[in-house]
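Going by our numbering, the sequence shown opens with residue 56, and the numbers climb by one from there. See below for the structure under consideration.
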Amino acid sequence: MKIAISGKGGVGKTTFASFLIKTLADSGMKVLAIDADPDANLAQALGVKKGTKIVPISDMKEIIEDRTDAKVGSMGSFFKLNPKVDDLPEKLSIKINGIKLMVLGGVKTGGSGCICPESTLLKALVRHIVLARDEAVVLDMEAGLEHLGRGTAMAVDRLVVVVEPGRRSVETAHHILKLAEDIGLKKLSFVGNKIRSESDKEFLLKLMPDFDFLGFIPFASDIIEADLKGKPPFETDQVGMAAVKEMIERLK
56 MKIAISGKGG VGKTTFASFL IKTLADSGMK VLAIDADPDA NLAQALGVKK
106 GTKIVPISDM KEIIEDRTDA KVGSMGSFFK LNPKVDDLPE KLSIKINGIK
156 LMVLGGVKTG GSGCICPEST LLKALVRHIV LARDEAVVLD MEAGLEHLGR
206 GTAMAVDRLV VVVEPGRRSV ETAHHILKLA EDIGLKKLSF VGNKIRSESD
256 KEFLLKLMPD FDFLGFIPFA SDIIEADLKG KPPFETDQVG MAAVKEMIER
306 LK
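Dropping the structure here:
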């Protein structure tokens with residue numbers, strides 16, 4: 056099972072990812088969690104102490120240069136477009152409670168779609184993880200889906216987009232849908248999060264009538280408390296965990 060998760064910042068995308076990862080791990084699956092959002096905080100959501108101190112792979116200059124034969128930051132240089140990455144998930148992952156976690160980071164140079172050593176290495180790594188690994192993979196993506204190439208996207212079992220009751224969140228969901236279509240990713244589902252009442256659910260269904268919703272997660276103030284105390288959200292929000300467990304049955 057290879058699942059990518061996306062959505063506007065602040066909608067609870069990473070919280071949902073942590074629920075999903077924890078549920079899969081508890082069911083006995085080997086799980087590789089990938090933080091592919093430049094605003095990386097999946098480590099904290101999984102309970103990694105001092106998760107903000109983790110160095111993203113995109114900042115590992117020596118590894119990037121070694122695998123691509125390029126000088127990071129140099130302009131117009133030649134480098135390998137198919138670097139060796141199959142050993143990196145074992146070498147660069149952090150293990151916590153039976154879950155392996157990799158923090159990719161973002162590419163800060165060249166803008167969207169840049170062809171640079173950092174981008175090339177990250178895309179090759181994601182391609183290997185999705186196409187060649189035999190474990191469950193959950194990718195916490197940014198809304199732009201920059202780490203997914205066309206061939207990789209077509210191999211993902213499902214792209215799950217998290218939305219909250221709000222017009223900007225819904226607009227982002229439509230934008231992600233268009234991006235997914237552009238790279239050939241056709242298996243999309245949506246999750247409504249931070250649902251405070253039936254009217255919140257009706258709001259999303261009215262503005263997104265043709266979207267496939269896996270389910271809805273109630274708003275939980277306990278998640279804020281968990282964040283303040285540095286605890287994973289799944290330790291305090293049992294209702295949210297139960298909702299995600301039901302959704303997994305629809306993902307299979």
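Note that beta-carbon positions come from the ideal geometry of N, C-alpha and C, so glycine has one too.
- Out of 93, 196, 203, 199, the CA that lies nearest to the CA of residue 186 is found in 203.
- Residue range 268-273 is occupied by the beta strand (DSSP E) that includes residue 270, with no alpha helix (DSSP H) assigned at that position.
- Rounded to whole angstroms, the separation of the alpha carbons of residue 95 and residue 212 is 23 Å.
- Under the DSSP assignment, residue 206 falls in the alpha helix (DSSP H) whose first and last residues are 205-210.
- Sequence-distant Cβ neighbours of residue 198 in its own chain, meaning closer than 8 Å and more than five residues away, are 61, 62, 63, 64, 227, 230, 231.
- Within the DSSP bridge table, the entry for residue 71 names no partner.
- Separation of residue 148 and residue 194 (C-alpha to C-alpha, rounded to the nearest whole angstrom) is 14 Å.
- Between the alpha carbons of residue 103 and residue 244 lies a distance of about 28 Å.
- For the pair residue 87 and residue 188, the CB atoms are nearer than the 9 Å cut-off.
- Where residue 218 is concerned, the enclosing beta strand (DSSP E) starts and stops at 213-218.
- Ranked by how close their Cα comes to the Cα of residue 222, the residues 56, 57, 59, 66 have 66 in first place.
- Assignment of residue 296 by DSSP, reduced to helix, strand and coil, places it in the helix class.
- Unbroken alpha helix (DSSP H) runs of no fewer than 4 residues, entirely contained in the region 237-287, are found at 253-262, 277-283, following chain order.
- Following the DSSP letters along the chain, one finds residue 176 in no beta strand (DSSP E) but inside the alpha helix (DSSP H) bounded by residues 172-187.
- With distances taken between CA atoms, residue 139 lies nearest to 176 out of 145, 176, 252, 267.
- Sequence-distant partners of residue 300 (beyond 5 residues in either direction) whose C-beta falls short of 7 Å from its own C-beta, in its chain, are 78.
- For residue 59, the enclosing beta strand (DSSP E) starts and ends at 57-61.
- Beta bridge pairing from DSSP links residue 196 with 91.
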